[in-house]
Each structure stands twice: as structure tokens, then as C-alpha cells.
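Reviewing the structure listed below.
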Amino acid sequence: MTTRVTEDDWSRPTLYNATQAIEPRTFTELDPIGSVVVSSFDDGDEPTWGTTTLVGKPRHRRAASPTTEPTTEPDGTEPDGTAEPAPPEGTTPVEDDRSNRGLLAASGSMAVASLVSRITGFLRTIFIVAALGLAGVGNAYNSANTFPNMVYELLLGGVLSSVLVPLLVHAQSEDDDDGVAYTQRLLSLAAAGLGVMTILAVLAAPWISAAFVPDGPGRDLTSIFATLLLPEIFFYGLGAMFMAVLNIRHSYRAGAWSPVLNNVIMIATVLVFWLLPGPSTLDPTTITTTQIVVLGVGTTLGIAAQALVLVPSLRTVGFHWQWRFRARPEERGRMREVGVLAGWVLAYVVVSQVGVSIIQKVGNDNLGYSVFTAADLLFQMPYGILVVSLLTAIMPRLSRAALREDHEAVIEDLGLGARLSAIALVPITAGLIALGPVMSVTLFAYGETSIDGGHLIGSALAWSAFGLFPFALVMLQLRVFYAMRDGRTPTLINTFMVATKIVLVLVSNEAFAGTEHAVEWLNISTSLSYVVGAVVGHVVLTRRLGSLRFGPVTRTLLQIGFASVLGGAAAYGVVLLAQDALGAGHAGSTVALVGGGVAGLIVLGVVAWRMRIPAVEQAIATVRGAR
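Numbering (full-length UniProt numbering), first residue to last: 1 to 627.
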């Protein structure tokens, strides 16, 4: 008989406090060395996602507990002889897709959009750095944009969407209206809260600027920029909520492509800025009012467009937003849980902001905050292209496994995400270490940014690149906690990370104040905090779920790490040869970047092929099967 998941005590922050015996999962295929466990499906058996319908009784087949017995007889009747209810006319049953092939197919389609988004975003940053420089106006603009950008990282980068998805998945699975009314109430409450928060932030712009920027003309300009840029908060939050609604309905394309529109608008804004009449020397005292307004309004319009372009996609999947605030009696427990989770998310934001303010203050004191933001952009790019799409696709699957309290499925997805992240990011880490300085000179050393400034960006990137995989791992771990509807643990882990970062930043600033090393340590401290977060997250998840079976992950790290070290060494050798012959300017750096990149990829590919790394072969085979 099909099992219906009953509503639990919604006042608890997590599903996993109780101990439950779960029968072992049955796997039909193992990899050759037994290091990676993958479910296999015949083409005819692979589950597919149905079209969302927003009316009628629930048309989902409730996930049954793991069992070796069929839930229905061959003739379509239940084991007790009763006929299984048919789904409402015009609807398609939705199953929980446990196919890694399907997961990577969805992830791959988003990765293409993420690649275009990151490339256009990179061009946007190059234009901004060239137009504004790394100090003066550039620092004022980046400082003013820090708070809404942090909201972007927290909301669109993971936290709000990760919190909302499990709640929406439960409502979609349990409510007679497919969770539509519940979703509308969540959106209405969140939009109202974001509106109030945004108004308060804009009114507090002078005080926010005073907290981040030393007194002087730079602070005044930062305050003006902040007044124009802080409205982005509302649209970042709105976009994150829209994406959560689309993701649980398995619609990813619009959310993946919407940042491209923002980047195009921002590039156009900078081009208009360049065409405006202005001073021969750009600084906080000479920039014109028209230039300030164009930069500020154009940046905010880009973020607004990024959110509002999702509205047609919501209508395409059949979701129409109506303002609703009063909860139905059966929803009151869930709404209380939303309040608990919202409180923990707010605490997460406050803790993160403390860390950001310390980095911003130290960076501005050393005239290096723009260096930090440029290096961090390069650091985030491979994660955004290769891993965010995977995590977005895996989150609904994690949430459904958590709803069933299927620990085995949660652990399987955690291991899969960690292995794929290692395969994607460890080689890139080696490349950033070897090629970071020449890449930054090639990309950033134009206009107001000197060769030395570009080299400093690359040096900060190279020294901090080791944190790329730990960053991806801790983001994956946080999604596991959110899938379990636990908002408390991610906030505590984030507190450990921020505390580590603050201590390291302050200590390094005392040791290297006024030097380039103080700027580099902003990025190094951030990467070390990711290592701490990944370790703490692993320990807590082990206590919560039992053994995470990370042996295959460790083997993958060692194998791909060895190949990556050899590839990175080859790339760095080419860098040394090119710079000896052509110097460290644009020509030498460009040749070193291209030549070193090609050499590193060749060596990495040959070594990985000769080693026949099982996780790499599995990933390639899975991607081929998804086509």
C-alpha cells in the first residue's frame, strides 16, 4: 500500500532528531573497484518529472519506505486487493528521480548558462575595474555594493533558496492544491519583509558607509552610491524566491540565464559611463553627479531585471502569485517553522556581515578592498560555473530524501556531490595557483589599473586558491542541513567560519599592515575559514547521520590531486619560460597564460587517463548517458 508521509512536529528545526531504522538500499551496479555506488536505470525505467498542475488532489505518489516488496500487484491493485487511486485527469505522477544521469543532465544544462553568465560577469568586472580603478572611486563603488552583493551570495548563492526548497517540497507533496496557497503566503510574507528591510537599509546608508569606510571624500561618495545600490536587496530576495518556486517544479533554465541579462545591462551602464563627459583624473572629489547616477541606477536596474525576467517562467509552469498573508489552520505549524528558519537565516546574515565589515575595513585601510573583490570574483567563477548548477539540481532531490528520512539517499547524494566537486575544482585550484598572477595581469591591468595592481590581484588569488574545494564542500554540507529543515546548524558553522576569518585577518593585519601581504591575507583568511567550516560540517553530519562513507571521496581527491599537481607544475614551468623571454607585462603574461594553460591541461589529461581514475570515468560515462 502506498505510504503517505504524515506531517511531523513542525516546531522542531530538524527531522533528524529521532532515531529510525531504515532498511538497506538495494543497488544494481557497482563501479569496478567498489569506490563509488551508483544506481543504474534502464532507459524504460528512468523516472521522469511530470508537468506541474496546480489544482486537484495531490497527484504525487508518496515515497514508500525502502523495501524489497512491490507496493502494487501486477494488475495495478494494492497488496490488500484495493485498486490504487489513479492520478487526477490531466496530471502526471511525480517520482523522486534518483538517477545520477538525470541529475547531471539537469546540472549540465544549467552549467552552460552559468558559463555564459560567468563570462559576461567577468567582462562586467573587467569593465568596472578598468573604468574605476582599484582605489578611490573603485573602492567607494565596491564598498557601497558590498551589502547587496553579500545578500546575493547568501540568497541566490544558496541560503534562502536552500531554506525554502524543503518547505515548498513538503507543501507540494502534501497539500491538496499542490502547495500553491502555502507558496503564495511565503512569497507574500518574504516580499513584505524584504521591502521593510530594504527601506531601512537605504535610510541607514550614511551609517553603513561610516562603519565600513574611513572618514574623507571616499566615505561621502560611498554613502551616495549606497543610497542608489541598496534597493538591490529587495530584488535579490525576490529573485531567490522565484528561483526556489521554479526549482521545485524542475524549471531551471530561466534562473540560470537571468544573470546574463543583468551583466549585459551592467556592461552597457559602464559603456555609457565612459561616454559621459568627465574629469581627466577620476577620484572621489572629481567624479560628476551624472556619472554617479548612471553607475548607481544602472547597477540597480540590472538586478531588478534579473529578478523580474523570471515572472514569465512562473506563469509558464502554471504558478500565479496572489497576495496572501493569513495562514490556514493546518498551515500554522509550518508557518511557525518558517519563522524559526527565518530567524536563523537572519542570524546567518548578521554573522556574515560582521566578517564582511572587518574585511572591508582592513582592506580599505590598506587600499586593497577592490583587490580582494576582484580576486574573490576569480575564485568564485569556477564554483559558480561547475558546482552551483549541480547543487541547484540536487537540492529538490535532497529535500525529498530528507522528507522520507532516507539517510542512505542523503549520504549518497552528499558523496556524489563531493566527488563531482573534487573532479571539477581540484584541477582548477592547481591552475589558479600556477597561472593566477599572469591571468590577472592579462585580464585586469588596463585603464586605471596598473600591471602591479593586476599582479597583486593574481597573487591574492593564487595564495587563496586552496580553499576552492573546501568552499564547495561546505556549501554542499549546508544544503544537506537545510534539506533536513535545520537552520540552526548552518548558522553555527558559519559562526565558526567567520570567527576564524576575523582572527586571521586581524592578526595578519598587525603583522603586515601597509604591505601587499595584508591584502593577500584577506583572501587567504577567507579560504582558511572554508577549511574550518568543511571540517566542522563533516563532524556534525557524521554525528547526525552516522558514517558518511567518504573513503571514495578521499581516494578521488588523492588521485585527481596528483594529476593536478603535475599539470600545475607544467603550467608554471611555461610561465617562467615566457616571462624570462617576454617580461611580466601584457605580452609575457598573455603568452604565459595561454601556453601554461595548454601545457597544464595536456599533462593533466594524460596523467588522469593513464591513472584511469574511477570517479572521472564514472562522471564521463554518466554525462554521455545523459545525452
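Glycine included, each C-beta is placed from N, C-alpha and C at the ideal position. Note that this is a predicted model, so its numbers are computed, not measured.
- Sequence-distant partners of F273 (beyond 5 residues in either direction) whose C-beta falls short of 7 Å from its own C-beta, in its chain, are A131, Q291, V294 and L295.
- For N142 and G318, the gap between their C-alpha atoms comes out near 39 Å.
- By the CB criterion at 8 Å, T500 and V539 fall outside the cutoff.
- For the pair of segments examined, the segment 265-283 was found to touch the segment 124-140: the number of CB pairs separated by less than 8 Å reaches three.
- Residue nearest to S564 within the set L541, E516, G458 and A424 is A424 (criterion: CA-CA distance).
- DSSP places T449 outside both helix and strand once states are collapsed to three, so it counts as coil.
- Fewer than three pairs of CB atoms, one per stretch, sit closer than 8 Å, so the segment 491-499 makes no contact with the segment 422-437.
- The straight-line gap separating the alpha-carbon atoms of A192 and D452 is approximately 47 Å.
- The shortest CA-to-CA distance from L314 to any of T526, M335 and T183 is the one to T183.
- Nearest to E510 by C-alpha distance, out of T222, S357 and V362, is V362.
- In the three-state reduction of the DSSP assignment, G583 falls in the coil class, being assigned neither a helical nor a strand state.
- Cβ-Cβ distances below 7 Å link L473 to A418, S421 and A534 in the same chain, with the five nearest sequence neighbours on each side left out; the list follows chain order.
- Where V293 is concerned, the enclosing alpha helix (DSSP H) starts and stops at T289 to L308.
- Spatial neighbours of R219 in its own chain (CB-CB distance under 6 Å, excluding positions within 5 residues in sequence) are listed in chain order as S209 and V213.
- Boundaries of the alpha helix (DSSP H) harbouring N262: R253 to L275, taken from the DSSP string.
- For the pair of segments examined, the segment 341-348 was found not to touch the segment 275-289: the number of CB pairs separated by less than 8 Å stays below three.
- Taking L282 as the centre and dropping the five residues before and after it, the same chain places the C-beta of V137 closer than 6 Å to its C-beta, in chain order.
- Of all alpha-carbon atoms in N263, E174 and A144, the one lying nearest the alpha-carbon of G121 is that of N263.
- Taking 4 residues as the minimum length, the alpha helix (DSSP H) runs contained wholly in the segment 419-470 are 451-464, in order along the chain.
- For S117, the CB contacts under 6 Å within the same chain, skipping 5 residues up- and downstream, are P259 and V260 in chain order.
- Counted as a single uninterrupted DSSP element, the alpha helix (DSSP H) harbouring G384 occupies residues Y369 to L386.
- Shown here, P231 sits in coil according to DSSP, grouped into three states, outside any helix or strand.
- For V317, no alpha helix (DSSP H) encloses it, and the DSSP letter there is neither H nor E.
- Contact annotation: I287 and L194 have beta-carbon atoms that are not nearer than 8 Å.
- Distance from the CA atom of T392 to the CA atom of W257, rounded to whole angstroms, is 14 Å.
- Your pair L582 and E516 does not check out as a contact, with CB atoms roughly 23 Å apart and the cut at 8 Å.
- When the Cα atoms are used, F225 and S529 turn out to be separated by approximately 30 Å.
- T526 has its alpha-carbon roughly 11 Å from the corresponding atom of V503.
- Its chain contains F481 and V540 as the residues whose beta carbon lies nearer than 7 Å to that of T489, once the 5 sequence neighbours on both sides are disregarded; these appear in chain order.
- By alpha-carbon distance to I602, the top candidate from G567, G585 and A584 is G567.
- Along the segment 330-366, the alpha helix (DSSP H) occurs as fully enclosed runs of 4 or more residues at 332-365, listed in sequence order.
- Of the candidates M611, A402, R397 and A518, the residue whose Cα lies closest to the Cα of R249 is R397.
- Measuring C-alpha to C-alpha distances from T429 to each of L414, E412 and G458 identifies G458 as the nearest.
- The beta carbon of A307 sits closer than 8 Å to the beta carbons of F235, Y236, L238, G239, F242 and S258 from its chain, once the five residues preceding and following it are set aside; these are given in chain order.
- Assignment of W323 by DSSP, reduced to helix, strand and coil, places it in the coil class.
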